[in-house]
Each structure stands twice: as C-alpha cells, then as structure tokens.
Amino acid sequence: MTNPTPQRLHPLALINEFYHLIREWVIPLIVLLISLTPVLLKAHLTGWLPVAIIVILLVFLIPAGLRYWTFKFALTTDSLVIYSGVFNHQTNHIPYQRIQSVNQTQWAFLKPFNLITLSVETAGHSSSDRPEAVLAVVNATVYAQLMAAQQAATLVTPTAVPQIPTYTINRRDLREFALTSPAFLSVFLLILAGFGKLSESARKALINWAFSSAQHISLLSIIGLILATVLLFYLGSIVTLIMTYYGFTLTRQGDHLIVRRGWFKTRQTEIAIDRIQAIRLKQPLLRHWLHLVTVQLVVISNDHKNDDAANVIVMPVIKQATVNHFLTTFFPQLPPLTLTRNTDPRTCWWNLRNYGLVGLLICLPFSILWRRWGSLSWLIWGLLMPMGLLRSHASSAQVLTPRYLMISTSRWFTRNDYLFQRQHVQSLELRQSIWLHKHAYGHIRLHFRAGQHGRSQTVRYLPITQLQRIRQWYER
Amino acid sequence: MPTQSIKHLPKTIKTIWIWTSLIELTLGLLFAIGTWLLSRWFAPTFWHMTTIAILILTLLIVIIELVLVNYRWQFNTYLVNPRQFELHDGYFFRKQTVIPIAQIQNIKLEQGPLLRLKHLQAVTLVTAASSHKIAGIPAAESEQFKSLVMALAQEARTDD
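Chains as they are written, first to last, in the UniProt record's numbering: chain G, 1 to 476; chain W, 1 to 160.
This is the structure in structure tokens:
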C-alpha cells in the first residue's frame, strides 16, 4: 500500500462541528441574549432579535468550518495519522499495533448516507482521558479500510474459524429485558434530588400544599396519581431500553468481542479479550425472582466520560440455567459455575442485625421528633430488612479452579456475582474484628481494575476457613 | 534475599509518631489561638464556641493517637517473600493484605523531614487498582525492597 494523501471527513461533519461548538457556547450565548433583551426592548428593536441570533450562528460557522477544513486523516502503511488544529498544527500518529479497539456509532439519520463515527482507543494512557482519535463523520467503508490496514500491518491473517460464536437478541428476550429492568425506579431518586434542591420555604410550601390538598382529594386518587407517574416512567424506560438494545448482537472474532446494538443510534463496540478484568452476573430483584441474569464484562477503558465503558453488557438477559452454556460458547476456558445461596444462620443474623441497626438510626429520630408522620419512616425499616436478607443469601466466595474465583454479594436489592481470574485480582484483604475472630468469621475484599480506576468488592461474614482457602488460592 | 519472617516496623517510628502528634497539637493550639483572637474582633460567641470545639477535638485526637502509639506499632507488621508482600494491621479490627509482587505497578519511596531525621522511608506499593502504605522502614532496607520488587517484577513478567 502506498502512503495515501490525507483525506477530510464527510462534508456533513461540518454540521457535527457546528453542533459541538454551539453546545460548548450555549450557556454564555443564552446569558448574552437574556442580558441583551432589555436593551433591545428599550430601543424597540425586538424585531432584530432573530437577526441577532442568525448573525451569531453565522459567526460560529467560521470556526466550525476552519476546524472541519484543517482536520484530515490518512491510513498509511503503518499507522493512522490525524492532522488537526487551526493555528496550532497537530499530527497524531497512531501505529496500528497500538490500537486496542475501534468503536463505531451510527445515528439513524445518517444511515441513508452510510456514514458512521469511528473512535479509536489505544492501550496508552493519554492525558485527555478520551479515545485517542475520533473520526466524527466518515463513510462506513473507512472502517473496512482501517481493519484491512491494521491486519496488513500486524501481519495477522484472519484464521478461518469453523464457526464464529454469535448471539443475536430475539424479540422475546428484548421484551423480557426491558420489562424486568428496574431503571424506572430512578424516578424516585430524581424526585428526591429535585426536592433536595428546593429552598427551605419552597419545601415547606410544597408540603403544606400537599397536606392541604390531600385533605380534599381522597387517598385513593393520591395513590392513583403516584401509580400513574410510576407507570409512565416504566413505559418510558421500556421504550428507551428497546431502542438502545434493539438488534443486540455479540460476536467473537479472534481475541475480540464485538457488541452491536441500538436503533436510533447504532453503536458497535470492540472489546479486546485481554482487557476483561472480571465477568459480572447481575440480578436486580425482579430478575432474581424470575431466574434471569444479565451478563456484564468489567473492562479496562480509557473512556472516562462514558460510565458504561467499564461495564459492558454482553448478554442483556438470559435464563439462569443457560448461563453456563452462553459463557462457554464465548469463553471456552471458563469453568461451570452455579449461583449459590448462603443459608448460614450466622451470616444471616449479622446482616439482619446491621441492616436493622441502620434502620433504627434512621427511623427512631424521625418517629420521636415528628410524631404524626414520622412513623411512616418505618417503611424504610421494612425495606431494609429484606435487603439484609437478600445480601446474606447472596454472600459467598468460592474457588472454582486454580485459575478462577467467584464472589457474590448484593447491594440495593441487586445481586452481583463476579468471576475473577487470579491474575486480575490486584490485591486481597482479609478483615476481621476481634469479636468475629472468636466466632472464626471474617470479611474479604478484592481490588480490581474497572474502567480507568480501581474498584473493590467486599463480601462480609464468611467462615474463616473459607477465606483461608481463598487466600491460599491467591498466594499459590 | 530478605528474611521471610514477620517483621515489625523499626522502633524509631514510635518517636516519629509521637512527634507527629505533638506537631498536630501545636497546630491545633495555634488554630485555637487564632480563632480566639478573632473573637475579640467580631462575633464573640461564635468564635468562642469554635475555639472550644477546636481545643476539644485536638486534645481528643492527640491523646488517642499518643495512647495508641504502642498498639499501632505492636500490630503493624509486614512480611516479604519472593512472591508477595503481606501487611498486617490492627488487633481489635484486623486487616491482612496480600499484594503479589507481579501485580505491583510501581513502588514509591517517600521521606519527610521527620523520617529523614531517623533515616527511615515510607514505602507505598501501587497496584493497578489500589495502593498500600508502609509507614516507615530503614532507608537501606527500602532501597533493597525497591530493587527486589524491580527484579521480581521483571522475573514475574518473563514468567508469563
């Protein structure tokens, strides 16, 4: 391949640049417009307001155009080269060997033009915390070209695998996934956060208004109103989830996993197998009851803006009984695993005691200080106890093979089972208080990488013999 | 090769801890004096209360620290063997940390003025997900530590 001349992005990228510029400046612009309005009103120039807006937008077109004009890329024999900068010319050489993953995004409105966004991630820790390079709007063929160039440079001939493991979500699974998602519960968090942001007097007024109107409206209609709101959010979350996971496909290609999903915004993400730090089986309460599991991968990623980047869903929802089958088709070396249930009465008692005490700390002051309505806070206590029970049932840590360890715990009614390879556990802590020492129980904490940072997972109240076994497994 | 028995931190670290507490006490007292002076200027009740709160807090923290110096030293031990570091901490609340040398990304040696007086160095072991500090060991030993980690890290890497 001869070194080609640098090429520009597709002309539609101009709109993208323009959009980003406007987004960067939107707040100062609004402030400017609002502060100008009285002046314009005074001078009877309100008719000029649209003109002003158009002029400002036109002014923004110039830097956007310059940015578009100066941004070029080239696929040379050994690296992807990016030229950018209006005044300060920058050239970024990304050798193909260093590229860890190439991700694609496609908006529905760009589908007819066959245009995509490519973002290239490298192993290097770049200071910007962003993907090494983003080709905002390019023809979809650039992806194939990049892949071909990369293969030619790294001399990896695609081995003819007899059958490439693939999974595509079907309608039923997608529906099940959307229906069982607890995402809609975030509405309560939203309301609480909004309430917290109000000023003291506004809060009082709101409470008074709520109480006074509550006297007029029957209890039934209040409950109905609450239920209707929750239902609305539930329906909203179903629609969003179906849109984002529409056509979910997982493919394994050599040492990469490729995840493709989304209807309005189609994304294709590549995950290098050696970046996987742990496999996480996640079960929110409803899915736990229905014996459904979501499989996520905990991976190293440079993308810190995107929280999902550290936890990639590779299986939206699957029956608990078929998890092993799924995992071994994509990761043949994995041992079979079972989701255990801890029935140790001691673990159960300590968990219930802790949750109960925390509950008391919350509820007692409420019911003492606020006689009439404070007793409602016991509802919290009623929620905390089953939470403690679920955690005690989930708590476990088991050595599966000399290479693999599984630890399970639960938080906020969500059970999490993590499968670790020994080399991915960065350090291990055993904790114990002198009182637990008497009973020969203790806690275990594992440190591992997730996204850009370290994360830890703790399992509490396990017999010390079990913990010692894990320590031996780790020290071996 | 280092010894493979459980080791305490050098006894001189106790002096350093005592000195650190005394410095904290001085700083707390200075801070309290500052707030008391402010009280002569404006908002006397508020500043008086602040002075008292600072005094009580400083005294409490310093006394607890001084009382616990021996406890801290007694139950703060470490162990190095060719494969891993092990840190032990606490008696009432025990913590044992295992850090395989293969996982150590970098090792940081620090020496403040107090540690320098006693020829000690604080060592921080950094893995990809966590960092663990050893409060102070003799400077010679920490250098030895460093080269050990480097050598073992190299070895572990070629092992893979």
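Built from N, CA and C at the ideal position, the CB exists for glycine as well.
Across the set G:L235, G:T266, G:L29, G:L58, the C-alpha of G:T266 shows the shortest separation from the C-alpha of A108 of chain G.
Under the DSSP definition of a beta bridge, L135 of chain G partners with G:L118. Neighbours of F93 of chain W in chain G, taken as residues whose beta carbon is under 9 Å from its own, are R431, Q432, S433, I434 in chain order. Separation of S39 of chain W and E24 of chain W (C-alpha to C-alpha, rounded to the nearest whole angstrom) is 23 Å.
Only those residues of the UniProt domain "YdbS-like PH" (73 to 146) of chain W whose C-beta falls short of 8 Å from the nearest C-beta of chain G are listed: R83, Q84, Y91, F92, F93, R94, K95, Q96, T97, V98, I99, P100, A102, Q103, T127, A128, A129, S130, H132.
Under the three-state reduction of DSSP, T180 of chain G is assigned to coil, being neither helix nor strand. If you check the CB distance, L80 of chain G and V120 of chain G come in under 9 Å. L389 of chain G places its beta carbon 9 Å or farther from that of N354 of chain G.
Among the residues of chain W, those whose CB is under 7 Å from the CB of F448 of chain G are A129, following chain order. In the structure shown, P95 of chain G falls within a strand segment according to DSSP collapsed to helix, strand and coil. It is roughly 18 Å from the alpha-carbon of H132 of chain W to the alpha-carbon of S147 of chain W. Contact between L446 of chain G and Q457 of chain G holds: their C-beta atoms lie close to 5 Å from each other, under 8 Å. Not flagged as an interface residue toward chain W: E121 of chain G, since no C-beta distance is shorter than 9 Å. Short of 6 Å from the beta carbon of P336 of chain G, and not among the five residues preceding or following it, lie these beta carbons of its own chain, in chain order: N324.
Our two residues, A140 of chain G and R8 of chain G, have alpha carbons roughly 14 Å apart in a direct line. DSSP places H88 of chain W inside the beta strand (DSSP E), whose first and last residues are 84 to 89. Going by DSSP, Q150 of chain G is part of the alpha helix (DSSP H) stretching over 141 to 154.
When rounded, the separation of the alpha-carbon atoms in P112 of chain G and Y404 of chain G is 47 Å. At least one C-beta of chain W is nearer than 9 Å to the C-beta of L428 of chain G. Counting C-beta atoms within 10 angstroms of its own C-beta, G47 of chain G has fewer than 16 neighbours from the protein chains shown and is therefore classed as exposed.
The Cβ atoms of L281 of chain G and V295 of chain G lie closer than 9 Å to each other. G454 of chain G reaches chain W at T127, A128, A129, S130, S131, counting residues in chain order whose Cβ is nearer than 9 Å. Nearest to Q277 of chain G by alpha-carbon distance, out of G:D78, G:Q452, G:Q90, is G:Q452.
A Cβ-Cβ distance of about 6 Å is found for the pair S367 of chain G and S377 of chain G, placing them in contact under the 8 Å criterion.
The Cβ of E176 of chain G sits no closer than 9 Å to any Cβ of chain W. The beta carbons of S395 of chain G and L462 of chain G sit about 7 Å from each other, so the pair counts as a contact at 8 Å. In the DSSP assignment, H453 of chain G falls within the beta strand (DSSP E) that extends over 453 to 463. For the region 214 to 255 of chain G, the continuous alpha helix (DSSP H) assignments of 4+ residues that do not extend past its boundaries occur at 219 to 245, in sequence order.
Neighbourhood of Y474 of chain G in chain W, by CB distance below 8 Å: V98, P100, in chain order. The three-state reading of DSSP puts Q111 of chain W in coil, since its state is none of H, G, I, E or B. Around the beta carbon of G112 of chain W, fewer than 16 other beta carbons sit within 10 angstroms, so the residue counts as exposed. The closest CA to that of W263 of chain G, considering only G:I273, G:F248, G:R252, G:D274, is found on G:F248. Interface annotation, V425 of chain G: in contact with chain W, CB-CB separation under 9 Å. Any Cβ of chain W closer than 9 Å to the Cβ of R471 of chain G would place that residue at the interface, and such an atom is present.
H437 of chain G belongs to the set of residues whose beta carbon lies under 9 Å from a beta carbon in chain W. The secondary-structure analysis by DSSP pairs P284 of chain G across a beta bridge with G:T414.
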